[in-house]
Structure formats: C-alpha cells, structure tokens
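Some notes on the structure that comes next.
Number of protein chains: 10
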Amino acid sequence: MISSREEVTAMILAQKVAKGIKWSEVADAIGLSNEWTTAACLGQMTFDKRQATIAGELFDLTDEAVAWLQIVPYKGSLPTAVPTDPLIYRWYEVVNVYGSTIKELIHEEFGDGIMSAIDFSMDIQREEDPNGDRVNVVLSGKFLPYKSF
Amino acid sequence: MISSREEVTAMILAQKVAKGIKWSEVADAIGLSNEWTTAACLGQMTFDKRQATIAGELFDLTDEAVAWLQIVPYKGSLPTAVPTDPLIYRWYEVVNVYGSTIKELIHEEFGDGIMSAIDFSMDIQREEDPNGDRVNVVLSGKFLPYKSF
Amino acid sequence: MISSREEVTAMILAQKVAKGIKWSEVADAIGLSNEWTTAACLGQMTFDKRQATIAGELFDLTDEAVAWLQIVPYKGSLPTAVPTDPLIYRWYEVVNVYGSTIKELIHEEFGDGIMSAIDFSMDIQREEDPNGDRVNVVLSGKFLPYKSF
Amino acid sequence: MISSREEVTAMILAQKVAKGIKWSEVADAIGLSNEWTTAACLGQMTFDKRQATIAGELFDLTDEAVAWLQIVPYKGSLPTAVPTDPLIYRWYEVVNVYGSTIKELIHEEFGDGIMSAIDFSMDIQREEDPNGDRVNVVLSGKFLPYKSF
Amino acid sequence: MISSREEVTAMILAQKVAKGIKWSEVADAIGLSNEWTTAACLGQMTFDKRQATIAGELFDLTDEAVAWLQIVPYKGSLPTAVPTDPLIYRWYEVVNVYGSTIKELIHEEFGDGIMSAIDFSMDIQREEDPNGDRVNVVLSGKFLPYKSF
Amino acid sequence: MISSREEVTAMILAQKVAKGIKWSEVADAIGLSNEWTTAACLGQMTFDKRQATIAGELFDLTDEAVAWLQIVPYKGSLPTAVPTDPLIYRWYEVVNVYGSTIKELIHEEFGDGIMSAIDFSMDIQREEDPNGDRVNVVLSGKFLPYKSF
Amino acid sequence: MISSREEVTAMILAQKVAKGIKWSEVADAIGLSNEWTTAACLGQMTFDKRQATIAGELFDLTDEAVAWLQIVPYKGSLPTAVPTDPLIYRWYEVVNVYGSTIKELIHEEFGDGIMSAIDFSMDIQREEDPNGDRVNVVLSGKFLPYKSF
Amino acid sequence: MISSREEVTAMILAQKVAKGIKWSEVADAIGLSNEWTTAACLGQMTFDKRQATIAGELFDLTDEAVAWLQIVPYKGSLPTAVPTDPLIYRWYEVVNVYGSTIKELIHEEFGDGIMSAIDFSMDIQREEDPNGDRVNVVLSGKFLPYKSF
Amino acid sequence: MISSREEVTAMILAQKVAKGIKWSEVADAIGLSNEWTTAACLGQMTFDKRQATIAGELFDLTDEAVAWLQIVPYKGSLPTAVPTDPLIYRWYEVVNVYGSTIKELIHEEFGDGIMSAIDFSMDIQREEDPNGDRVNVVLSGKFLPYKSF
Amino acid sequence: MISSREEVTAMILAQKVAKGIKWSEVADAIGLSNEWTTAACLGQMTFDKRQATIAGELFDLTDEAVAWLQIVPYKGSLPTAVPTDPLIYRWYEVVNVYGSTIKELIHEEFGDGIMSAIDFSMDIQREEDPNGDRVNVVLSGKFLPYKSF
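Residue numbers (UniProt numbering), protein chains in the order written: chain A, 1 to 149; chain B, 1 to 149; chain C, 1 to 149; chain D, 1 to 149; chain E, 1 to 149; chain F, 1 to 149; chain G, 1 to 149; chain H, 1 to 149; chain I, 1 to 149; chain J, 1 to 149.
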C-alpha cells in the first residue's frame with residue numbers, strides 16, 4: 001500500500017539510477033518538455049492516464065504507483081525554506097538579490113499584479129560560449145493584474 | 001553623515017516618487033540595462049564613479065551618498081527568508097516547485113556544478129499575447145563545474 | 001521626504017483615529033468596496049490618481065504621500081509568519097486545519113491548478129442570527145489550471 | 001497496533017487512490033458536506049460511531065482504525081508554518097495580504113472580538129464564468145465578542 | 001501624531017513609572033477587574049469612551065491617545081514566539097508540558113471543540129501558605145463544540 | 001528493545017483506543033488526579049513502581065515498558081513551538097495576549113520572581129452554564145522570589 | 001519620558017564607558033555580589049530603593065531612570081535564540097552538548113524535578129593555573145521536585 | 001549494520017532501562033567522572049578502546065557498536081534550539097538571563113576572550129540544605145584570550 | 001532498492017567503522033586529495049565511474065550503490081542551519097564574526113564579486129607548534145567579478 | 001552619549017566612505033594585519049588604548065567613541081543566521097557542504113577536539129592566475145583536544 005506521492009518519487013529515483021534512464025528519454029517517450037516531465041516525475045505535477053502509464057512502464061511501477069501519479073501532489077520540492085544545495089541556492093539568491101528589481105520593473109511595465117507561476121513555462125538550454133558554456137533559461141508567465149472590486 | 005547603503009536606497013526611493021522618475025530613464029541615462037541599473041539603485045550592485053554621478057544628479061543626492069553608491073553593498077533585497085510580496089513569492093515558488101527539476105536537468109546536461117548567479121544577466125520583456133500579455137524573462141548564467149582536487 | 005509606503009500607512013492610521021473616519025466612508029468616497037479600499041489604505045493595493053487624491057483629501061496627506069499611494073507596494077500586512085492577533089490567527093487556523101481539505105476538493109472539482117489570489121475578490125457581511133450574529137465571507141478566485149508544456 | 005491518527009489518514013489516502021474513491025462519494029455516504037467529511041478523513045475532525053463505520057467500510061479499515069476515527073485528533077494539516085503547496089499558499093497569501101483589512105472591517109462592523117473558526121462552516125462551489133470558471137468559497141463563522149470582566 | 005497603539009502603551013508605561021501608579025488603582029478607577037484593565041492598558045483590549053477617559057486622566061494622555069485606546073488593537077504582547085522572560089516562560093512551559101493532557105481531558109469531558117480564549121476570564125489571587133505563598137489562577141472559558149456541517 | 005519513552009507513549013495510546021479506556025479510569029486505578037495521571041501516561045511525568053505497574057496492567061505493557069515509565073522523561077508534549085491544534089493554541093494565545101498582564105499583576109502583588117511550574121497543580125472542571133457550559137481551570141503554583149546574592 | 005527598561009540599560013552602559021566605571025565598583029558600592037549587581041544593571045534584576053539610588057548616583061541617572069530600576073524588567077539578555085557572541089555561545093554549547101548529561105545525573109541523584117534558576121546564585125572566579133588561568137563558575141540552585149497531585 | 005552513533009545511544013538507553021544500570025556504576029567501572037562518562041554514553045564524547053570495551057560489556061553491545069563508541073560523534077544532545085525539557089530549559093534560561101552578565105564579568109577580569117567549552121570540566125554535587133537540598137555545579141574552563149595578529 | 005544518496009552515505013559510514021578504514025586510505029586508493037574524497041564519500045561530490053568503483057570495493061557496496069555515487073547529490077552536510085557540533089560551529093563562528101571583514105577585504109582588493117565555492121579547493125594540514133599543534137587550512141577560490149549588463 | 005558599539009561602527013563606516021580611507025591604511029597605521037584591524041573596526045575585536053587612539057584620529061572619533069573601541073564588543077557581524085550576501089554566503093556554503101568533511105579529517109588527524117576560533121588567525125591574499133585571479137585564504141587555529149575528566 002502506498003500512502004504518499006513521496007514514496008512514488010522515491011521509487012522513480014531508485015529505478016532511474018538502477019536502470020540508467022535519462023530525464024530526456026522520459027520526456028521523449030511522453031512527448032512533452034524535459035522541464036515539465038521531470039517536475040512531474042519528481043512529484044510536482046500531475047500526469048494524465050496516458051502519461052502515467054508510459055512513466056509506469058519506463059520505471060517499472062505498480063498499478064497503484066501509476067494511480068498515484070494521476071493524483072494532484074502536495075507541491076514543494078525543497079527540504080528547507082532556504083535551500084542548501086549550491087545549484088538551487090543560486091536561484092534562491094537570484095530571487096533574494098534581484099527580487100526587488102524584478103518587482104519594480106514588472107510593475108513599471110505592467111502595473112500592479114504578478115507574473116503567474118501557474119500559467120507558466122520554463123525552457124533550459126545550453127548556450128555554447130568560448131569563455132565557458134552558459135545555462136540559459138527562459139521563464140514565461142502570464143501577467144495577472146490586480147483589479148479593484 | 002550616512003552610515004549605511006540602506007539610507008541611500010531610501011533617499012533614491014523617496015526622490016523617485018517625489019520626482020516621478022522611471023527606472024528605464026535612469027537606465028537610459030547611465031547606458032546600461034534596466035535590470036542592472038535598478039538593482040544597483042536598490043542597493044544590490046556597485047556603481048562606478050561615472051554611473052554614480054549620473055544617478056546622483058537624477059536623484060539629487062549629496063556627494064556622500066554618491067560615494068556610498070560606489071561601495072560594494074551588503075546584498076539581499078528581501079526582508080524575510082520566505083518573501084511575502086505576491087509577485088516576488090511567485091519566483092520563490094518557482095524555485096521551490098521546480099528547484100529539483102532545474103537541478104536534475106542542468107546536471108543531466110552539464111554534470112556536477114552550478115549556474116552562476118554572478119557571471120549572470122537577466123532580461124525582462126513583455127510578450128504580447130491575445131490571451132493576456134506575458135512576462136518573459138531570460139536568465140543567463142555561466143556553468144561552473146565542480147572539479148576534483 | 002517619505003521613503004516607504006509604511007510611512008504613508010502610518011499617516012493614514014494616525015489621521016483615521018484623530019479624525020474618527022470609518023473605512024466605509026472612505027470606500028463610499030472612492031466608490032469601491034470596503035474590502036479593496038481598506039486593503040489599499042493599509043498598503044496592500046495601488047490607488048490610481050483619482051482614488052489617491054480622494055484618499056489624500058480625507059486623510060490630509062501631502063502630495064508626496066498621495067504619490068506614494070499610486071506606487072505598487074511591497075505587500076504583506078502581518079508582522080510575523082504565524083499571526084499573533086486572535087482574529088487574524090483564526091483565519092490562519094482555517095488555512096492550517098482545512099488547508100488539505102480545500103486542496104483536495106478544489107482538485108477533485110477542477111483538476112490540478114490553483115484558486116487565484118490576484119483575480120480575486122472578497123466580500124464580508126454580517127448575517128443576523130438569533131444564536132449570535134455571524135460573519136459571512138465570500139471569497140471568489142478564478143481557477144487557474146496547470147498545463148503541461 | 002495503530003498509535004496515531006496520522007497512520008489512519010495514510011491508510012485512507014492509500015485506499016482512496018487504490019480504489020479510486022471520490023471525496024464527494026464519501027460525503028454522500030455519510031450524509032454531510034464534502035468539506036466537513038474530507039476534513040474528517042484527513043484527520044482534522046472527529047467522526048461519531050455511525051460515520052466512522054461508513055468510512056471504515058468505504059476504505060476497508062480495521063476495527064481499530066475505525067475506533068481511531070472517533071478520537072479527537074491533534075489538528076493541523078500542513079507540514080510547515082508557511083505552506084509550500086501553491087494552492088494552499090494562495091490562501092495563506094490571502095491571510096497575509098488581506099489580514100489587516102479583514103481585521104479592520106470586522107471590528108468596524110462588530111467591535112472587538114473574533115470570527116469563530118469552531119462555530120464555523122465552509123462551502124466551496126464552482127461558478128461558471130466565460131472568462132474562466134471561478135472557485136467561490138463561503139466562510140461563515142459566529143462572531144464572538146470580547147467582553148470586559 | 002500617534003500612528004500605533006504601541007506608542008500609547010509606551011506612554012502609559014512611562015507615566016506609570018513616573019507617577020508610581022498601581023494597576024489595581026487603575027482597575028478600581030475604571031471599575032473592572034485588575035486582569036482586564038491591565039490587559040487593556042498594555043494594548044490587548046479595547047476601552048470604551050468612559051474607560052478610556054479615566055485611563056487618560058490617570059496617565060495624563062492626550063485626546064489622540066485616548067482615541068487610540070478605543071480602537072481595537074493588533075493583539076499579542078510578547079516579543080518572541082517562545083517568551084524569554086522567566087515568569088511568562090513558566091506559563092509557556094505549562095502549555096508545552098501539559099498541553100496534550102489538557103487536550104485529552106477536555107475532549108474526554110466535552111468531546112471535540114475548544115475552550116474559548118475570547119469568552120474567557122482570568123482571576124489571579126494570592127493564596128497564603130506556610131510553605132511559601134502560592135499564585136492561584138482561575139481560567140474560565142466557554143466550551144465551543146465543533147459541529148459537523 | 002524499547003529505546004525511548006515516546007515508544008511507550010505510543011503503546012499506551014494504541015491500547016487506550018483499542019480497549020476504549022478512559023483517562024479518568026486510569027486516574028482512579030492509580031489514585032491520583034486525572035491531570036497528573038494523564039500527563040504521566042503521555043510521557044511528561046514519572047511513575048513510581050506501584051503506579052507504573054497499575055498502568056502496565058491497564059494498558060497491557062511489557063515489563064520493559066513498565067520500567068521506562070519509572071524513568072524521568074524528556075518533557076515537552078508539543079510538536080511545534082507554536083502549537084497548531086486549536087484547543088492547545090487557545091492556551092498559547094492566552095499566554096501571548098495576557099502574558100504581559102499576568103507578569104505585571106504577579107509582580108505587583110509579589111515582587112520579582114515567578115509562579116512555579118514545578119511546585120504546581122492544575123484542576124480542570126466543567127461548570128454548567130445555561131449559555132453553554134464552561135471549562136474552568138485552576139492553576140496553583142508556588143511563588144518563588146528572586147533574591148539578591 | 002522613559003518608556004522601557006532597555007533605555008535605562010543603554011544609559012548605564014553609556015555612562016559606564018564614558019566614566020570608566022567597573023562593575024565590581026558598582027557591586028562594592030551596593031554591597032552585593034558582582035554577578036547579581038551586574039545582572040541588575042543590565043536589566044535582568046530589580047533593585048530596591050536604596051540599591052537603585054546608589055546606582056543612580058554612580059551612573060548619573062535621572063529620578064525617572066532610578067524609578068525604572070525598581071520595576072521588575074522583562075528578562076532575557078540575548079538578541080537571538082542561539083547567541084552569536086563567542087563567549088556566550090560557549091555556554092549555550094555547554095547546555096547543548098552536556099544538557100542530556102546534566103539531566104540524567106540530576107535525576108539519578110534527586111529524582112524528577114529541576115534545579116531552580118530563581119532560587120539560584122552564581123559565583124565567577126579566576127583560578128590561576130600554570131597552563132593558563134581558568135574561569136571557575138559555581139552555580140547553585142535549589143532542587144525543586146515534581147510531585148504528583 | 002550500524003550507520004550512526006544515535007543508534008548506539010539508543011541501544012545503551014534501552015539496555016540501561018532493561019537492566020537497571022546507573023550512570024554512576026558505569027563511571028565507576030570506567031574510572032572517570034559521572035559527568036564525562038554519561039556524556040560519552042549519550043553520544044557526546046569519544047571512548048578509547050578500553051573504555052568502550054567496558055561500556056560494551058555493561059550494556060551488552062556488539063563489537064560494531066563498541067567500534068562506534070570510539071568514533072568522534074556529531075555532538076549536540078538537544079532536539080530543538082530552545083530546549084523544551086524544564087530541567088534543561090532552566091540552564092538555557094541561565095544563559096539567556098545571565099549571559100550578558102557572565103560576558104561582562106569575565107571580560108572585566110580577563111579581557112577579551114572566552115571560557116573554553118573544550119578544555120572544560122563539570123562537577124555536579126548535592127548540597128544538603130534544611131530549606132531543601134541544592135544542586136551545586138562547578139564549571140571550570142580555561143580562559144582563551146583573543147590576540148591581535 | 002536504494003532511493004537516496006543518504007542511504008549510500010550511511011552504508012559507507014557503517015562499513016568504515018566496521019572495517020576500520022581511514023579516509024586517507026580511500027583518498028590514496030582513488031588518487032585525489034583527502035578533502036575531495038571525503039566530501040564525495042559523505043554525499044557532497046560526484047564520483048566518476050572509476051572512482052566510484054574503487055570506493056565500492058573498499059566499502060563493499062552493491063552495484064546500485066556504486067551507481068548512486070555517480071549521480072550528482074543534493075548537497076548540504078549539516079542537519080541544522082546553525083550547526084551544533086562544536087568543531088563545525090567554530091567554522092560557522094568564523095563566518096559570523098569575520099564575515100563582514102572577509103567581505104570588506106576581498107572587495108577592497110578585487111572589487112565587487114565573490115570568492116567561488118565551486119572553483120574551489122581546500123587543504124587541511126597539521127602544523128607542529130610547541131604551544132600546541134595547529135590546524136592550518138588553505139582555502140583557494142577563484143574570484144568571480146560582478147559585471148554590469 | 002553613545003550607548004552601543006554598533007553606533008561606533010556606524011560612525012567608522014560613515015567616515016570611511018566620506019574620507020575615502022582604505023582598511024589597509026588603517027592597518028598600516030595601527031601596525032597589525034588587515035584582517036584583525038578590519039574586524040576590530042567593524043566591532044568584532046577590542047582595541048587597546050594606542051590602537052583605539054590611532055583609529056580615533058583616522059576616523060575623527062570623539063573621546064567617548066575611542067573609549068567604546070576599548071570595550072569588548074558583543075560579537076557577530078551578520079544580520080541573519082543564514083547570510084544573504086553572496087560573498088559571505090559562499091563561506092557559509094563551504095561550511096555547510098564541507099563541514100562534515102572538515103570534521104572527519106581533523107578528527108582523523110588529531111582525535112576528538114576542535115580547531116580554535118579564538119587562538120586563530122586569518123590571512124587573505126590574491127593569487128594571480130591566468131585563468132582568473134584567485135582569493136587564497138589561510139586559516140590557522142590551535143587544535144584543542146577534548147580530555148576526559
């Protein structure tokens with residue numbers, strides 16, 4: 001009996017290492033972006049039946065685990081409020097150092113509101129550079145204005 | 001006597017509202033991106049003499065304040081570890097929900113290391129969209145590999 | 001020189017007590033709901049020029065303060081992550097006790113996504129009741145679905 | 001031997017996924033609202049004998065688990081003080097952004113006191129809307145006045 | 001201009017020390033219990049006009065301060081979540097050590113619900129005792145049952 | 001092998017539900033108050049041999065568990081510094097809202113010192129009331145004065 | 001107008017540096033130990049009239065400040081829960097590393113109860129030692145047993 | 001396979017209760033103070049081979065557990081930064097209330113530096129007293145001066 | 001099935017104690033520094049295939065565990081934000097006490113930027129000293145300048 | 001009247017910017033290392049009379065400020081437990097990522113004990129490197145062994 005999505009994520013990670021599967025292979029099999037597919041495998045997004053079935057085959061999951069993949073998870077992938085992992089911390093640092101800047105510039109352009117993290121997509125690409133390759137990330141989120149009521 | 005950069009940031013914000021200056025005007029005057037210029041005005045980056053002088057004229061700053069703009073600040077623009085402002089929180093949420101995904105995909109592509117938040121740039125653009133305009137943000141950071149030693 | 005919206009909120013509160021103004025009077029003068037108007041006066045929403053001018057007259061604010069009311073504020077109205085005020089704590093408790101329930105039922109009805117806190121309105125009403133009057137609150141937020149990408 | 005209500009909640013969640021039961025079916029079987037029934041299944045409310053027996057049948061629970069459902073639980077359904085799940089966080093944000101507003105308006109209408117979270121009910125409904133359906137939630141709590149003593 | 005109740009509390013404390021007033025004298029003048037009166041002076045309860053006027057005379061407060069005493073305050077009298085003051089900490093310790101006991105026994109007697117902290121009174125008395133006098137405190141709170149809905 | 005008192009508390013809770021034992025029955029069997037007995041069963045107090053043996057019989061404990069009941073436990077019955085359970089939170093709220101009041105009044109009556117939480121007793125009673133029954137709690141703690149040295 | 005004891009502590013520290021007074025001189029003038037006298041000057045203990053008058057003369061305090069010294073303070077001398085100052089941290093470390101040991105040994109000798117921090121004294125002495133002088137501290141606290149009730 | 005010292009501490013505690021061993025008996029068998037021996041058994045100090053072997057015999061430990069006793073542990077014996085156990089909390093309170101005093105007096109006597117918590121010993125004794133026995137603790141730590149460099 | 005790197009770290013620690021292996025022996029076998037090798041064994045760095053195979057042989061790891069050693073781990077080796085272990089705390093203290101100094105001096109020499117913790121190495125050596133041997137540590141990190149963009 | 005060392009640090013920082021003084025100039029004038037001198041100016045170390053007088057002349061300090069420089073400060077130079085400034089955070093990260101490694105290797109070489117942060121020195125140097133200059137830091141701390149007692 002599985003009683004939480006975290007158990008399914010652990011099964012996927014265990015199988016991924018044991019079988020040497022790549023996230024991009026999972027994404028190809030499912031037919032979606034690497035970013036969304038990985039997030040879903042890591043317990044942050046919800047698969048539909050077809051997607052869950054494919055993931056289940058790739059990772060040798062039981063039917064019950066496949067069912068869990070179709071349940072909306074309790075999201076949040078980090079164990080602490082301030083992440084300790086250096087790669088993830090750099091992103092937290094960007095939010096901390098540039099947060100007030102991002103806020104000012106979006107408000108200057110759009111007025112009061114937010115950049116959605118739901119109607120949102122992310123694309124991570126390698127940019128070759130003679131001084132050392134770069135990670136380029138495009139974040140796209142719908143602007144949602146506050147309205148008076 | 002000014003004894004911290006926060007005081008200079010407060011002066012800039014006060015003058016910005018009083019005079020109705022836009023960040024993009026400051027950026028144009030200084031000749032750099034909106035993003036970097038705003039971050040510097042908000043106490044996160046260091047101006048050189050020319051840049052500080054221009055900012056000082058725009059915001060009617062004293063010579064002492066202009067000197068402070070050329071001192072490396074103690075960075076971090078958010079008052080709490082988990083930001084309460086909805087716009088900035090959405091970014092924190094992206095790090096929290098997608099953090100493990102970002103980590104997995106960068107490692108799958110580049111191996112162990114990080115995406116630099118120092119050799120880094122950010123570009124925020126409006127993308128027009130009939131379903132509601134979008135905020136598009138490009139983050140570009142050099143990949144820095146961990147090496148054994 | 002005013003260097004933060006908090007100072008304007010403090011001026012409004014000081015004048016409100018000194019003059020005995022009611023929030024509903026402010027809302028009537030501005031022509032919007034009590035809820036939105038109060039939130040704006042307390043530094044959580046952004047007034048347009050007309051709204052700010054009316055508020056400025058009611059609370060005897062300087063032109064500079066009126067300008068600040070038109071700047072998007074850093075939102076978040078509570079001094080601690082877990083609020084200590086009993087009235088506000090009861091709302092936090094509702095989120096804590098019923099949070100997983102709300103999540104389950106919205107997902108059961110709508111699928112994966114959120115109830116927007118931006119495209120959102122709130123209406124607070126007294127319901128007379130012989131066993132003691134009740135506070136009835138209607139919260140209305142657009143459902144925003146997560147989509148795969 | 002079961003030594004905490006959390007174990008029973010985990011059993012219910014495991015069976016719910018394995019059997020594909022909906023919360024509304026549980027509520028119908030018990031004859032109460034979806035909201036209260038779900039909260040009780042998630043370990044926040046106390047079932048009486050009849051209710052517990054029905055839940056036990058639906059979820060194939062042992063007699064001991066059914067007994068636990070009739071014990072008042074230690075309430076609180078969230079793993080962190082500031083919730084990380086985006087749907088639940090939006091509610092926390094409402095409390096944070098609108099908390100001081102809610103407080104001001106209830107006090108303006110009722111005087112000093114609180115809106116009860118115990119003598120309380122909640123109703124979650126879908127409102128169809130051509131711009132995207134909305135989640136409408138009605139919260140009703142008895143006003144409890146502070147009295148001098 | 002006074003912009004928060006904390007300022008009024010500070011004025012009261014300053015005058016109390018400067019004039020050597022006792023809380024029991026304030027309570028007698030106002031005609032209520034020591035407990036409620038002190039809580040109100042310390043910014044936790046709301047005075048009506050008559051009560052505020054008497055307090056204003058005793059503590060030489062301005063009209064504006066007297067007006068603030070009639071505004072519902074943001075409650076919470078402790079500077080940290082876990083209090084450091086030894087006397088107050090002992091009460092926190094009672095809640096921590098005996099909290100689960102109190103919960104069990106109230107539920108065993110009354111069922112699911114709470115002991116109200118709003119419809120509540122407190123009485124602190126000295127009990128003479130040859131082994132050292134004791135502080136006896138009677139807390140009385142209405143039981144509020146949870147009901148299904 | 002049992003390696004912590006928490007395990008014994010879990011055994012007691014499991015048996016209590018399975019057998020339907022009441023805390024008052026345990027207290028009667030042991031011959032002490034409900035309050036102290038419950039606290040001891042919940043891992044906050046230390047039983048002597050006779051008391052532990054009786055508890056062991058009631059809850060079908062092994063000899064080893066009975067030995068653990070006679071060991072002074074690491075006290076503290078709450079999982080978080082600010083409790084999330086509504087019943088226990090109301091007590092925390094009393095300490096937070098009335099804490100400074102309690103401090104002022106005890107000092108006004110007794111001088112500098114504390115109300116002991118060790119030389120302490122608690123009595124919880126139902127008071128019938130036509131407006132709804134009340135929970136009355138008497139706390140009695142020896143006053144311990146600070147002395148200069 | 002002085003509205004908190006912290007202001008008086010700040011005055012004492014300012015005068016102590018300006019005049020070059022030693023704590024031991026204050027203790028001699030008052031006729032009590034260095035430890036208690038320093039704690040009282042730092043806002044942790046309560047002076048009686050005679051003691052406060054002497055302190056007032058040594059530190060050139062106003063009558064109002066002298067009155068504040070006779071009011072029981074809100075205790076707690078550290079700005080953070082885990083102290084950052086290396087000297088004070090070493091004491092915190094002793095509590096952290098040896099805390100469970102202290103607990104075990106006091107319970108083995110005395111049974112369940114505590115070592116009082118109220119009926120308590122402390123004596124700090126230099127012990128000359130050829131390998132480097134030592135700080136010897138004697139802590140003496142009355143044992144207070146828990147009793148069943 | 002044992003993978004942490006905590007597991008060995010748990011084994012020792014389990015055996016100590018099961019066999020009714022006293023810490024002073026362990027200390028006698030090993031030939032060191034009660035304080036050091038208990039700290040070592042509780043996972044805060046490192047046994048040498050002879051000491052570990054004796055402990056292993058007393059507590060029926062496996063060879064592997066005996067090996068773990070000779071490995072330097074990750075120290076820190078308390079589950080929370082502010083301890084909840086009343087006996088240990090009183091020590092934390094001493095550090096909090098008297099911390100600034102201890103700092104002032106050691107600096108007045110020795111200059112800048114710390115009292116070592118490494119070159120350190122502790123002795124806990126019962127002092128008989130007609131008003132109630134006292135716990136007397138002598139702490140002795142080498143003074144380590146800061147030097148300029 | 002192994003589902004996290006922590007499990008592999010635990011296996012390595014268990015085998016290290018059971019077999020009495022030294023970190024320097026592992027480093028020699030792998031042909032890298034003690035520092036990097038230990039960090040990798042403790043779950044902070046990523047082994048390549050050859051390195052993982054050698055480690056696997058030394059610690060008797062399964063093929064699956066050896067595969068995990070080649071996966072980039074979630075880094076961060078400390079259980080709490082402020083470490084409780086005295087040796088590690090001293091390092092935290094260095095960062096806390098000297099942090100602003102390190103920042104000032106690096107900026108004075110290099111301008112705005114950071115000392116990399118990725119392009120980084122560390123060397124720990126014993127320095128013999130008649131007054132007591134010293135631990136000498138050389139940290140070397142590339143300076144990464146912030147640039148305007 | 002100056003009532004805390006923080007005020008003196010603020011004066012020094014204000015003068016340093018206003019006059020354009022470098023830390024190395026201060027160190028040269030005083031005749032000690034840059035590291036120690038900067039730490040002392042930033043309120044972490046204690047100047048003797050001669051050193052304080054020189055600093056006072058360089059920074060135009062009053063006699064009272066010069067007296068404060070000779071008082072042992074409350075140490076700790078960071079505003080939050082986890083530092084937000086990127087340069088300082090990298091050091092915190094080193095402690096977090098390599099902390100367990102540092103601990104293991106020092107214990108392997110020296111046995112149980114610590115590397116002193118008091119009998120300690122630090123030297124920061126630029127190392128020229130064609131791939132980008134490096135910051136090299138040598139930390140030297142006396143090893144202090146734990147001894148049994």
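Ideal placement from N, C-alpha and C gives every residue a C-beta, glycine not left out.
Cutoff 6 Å; reference residue i; Cβ partners in own chain excluding five residues on either side
| i | result |
| --- | --- |
| Y92 of chain A | P83 |
Where the alpha helix (DSSP H) containing residue i begins and where it ends
| i | result |
| --- | --- |
| G56 of chain B | 49 to 58 |
| P130 of chain E | Element bounds for P130 of chain E: n/a, residue is neither H nor E. |
| D63 of chain C | 63 to 68 |
| V72 of chain I | Per DSSP, V72 of chain I belongs to no alpha helix (DSSP H) and is neither H nor E. |
| Q44 of chain G | Element bounds for Q44 of chain G: n/a, residue is neither H nor E. |
| A29 of chain E | 23 to 30 |
| V8 of chain B | 5 to 19 |
Cβ of residue i within 8 Å of any chain A Cβ
| i | result |
| --- | --- |
| P86 of chain J | yes |
Residues that DSSP places opposite residue i in a beta bridge
| i | result |
| --- | --- |
| Q125 of chain A | A:N136 |
| F120 of chain H | H:G141 |
| I114 of chain I | I:L144 |
Same chain only: Cβ atoms within 7 Å of residue i, ignoring 5 sequence neighbours per side
| i | result |
| --- | --- |
| K142 of chain B | S116, D119 |
| I2 of chain H | V8, E64, A65, W68 |
| D133 of chain F | R126, E127 |
| S121 of chain I | S140 |
C-beta neighbour in chain D for residue i, strict 8 Å
| i | result |
| --- | --- |
| S55 of chain F | In the sequence as displayed, the identity of residue 55 of chain F is Ala instead of Ser. Answer no: the Cβ-Cβ gap between A55 of chain F and chain D never drops below 8 Å. |
| N131 of chain B | no |
| Y92 of chain A | no |
Minimum Cβ-Cβ distance from residue i to chain I less than 8 Å
| i | result |
| --- | --- |
| Y146 of chain G | no |
| S33 of chain B | yes |
Cutoff 8 Å: residue i Cβ touching any chain F Cβ
| i | result |
| --- | --- |
| A67 of chain D | yes |
| A10 of chain H | yes |
Residues near residue i in its chain [Cβ-Cβ closer than 8 Å; skip 5 each side]
| i | result |
| --- | --- |
| K49 of chain F | Q70 |
Near the ligand FAD: residue i beta-carbon under 7 Å from a heavy atom
| i | result |
| --- | --- |
| Y98 of chain A | Only the bare structure without any ligand can be found here, which leaves the ligand FAD out of the picture. |
Within-8 Å CB hit, residue i to chain H
| i | result |
| --- | --- |
| A18 of chain I | yes |
Cβ of residue i within 8 Å of any chain C Cβ
| i | result |
| --- | --- |
| I118 of chain A | yes |
Below-8 Å beta-carbon distance, residue i vs any chain B residue
| i | result |
| --- | --- |
| E64 of chain C | yes |
Test: residue i CB closer than 8 Å to a CB of chain G
| i | result |
| --- | --- |
| M1 of chain J | yes |
Please confirm if the segment 71 to 79 of chain A is in contact with the segment 99 to 110 of chain A, defined as three or more CB-CB distances below 8 Å between the two stretches.
Segments in contact, no.
Do the segment 51 to 62 of chain H and the segment 18 to 28 of chain H touch if we need at least three Cβ pairs shorter than 8 Å?
Output reads yes: the segment 18 to 28 of chain H touches the segment 51 to 62 of chain H.
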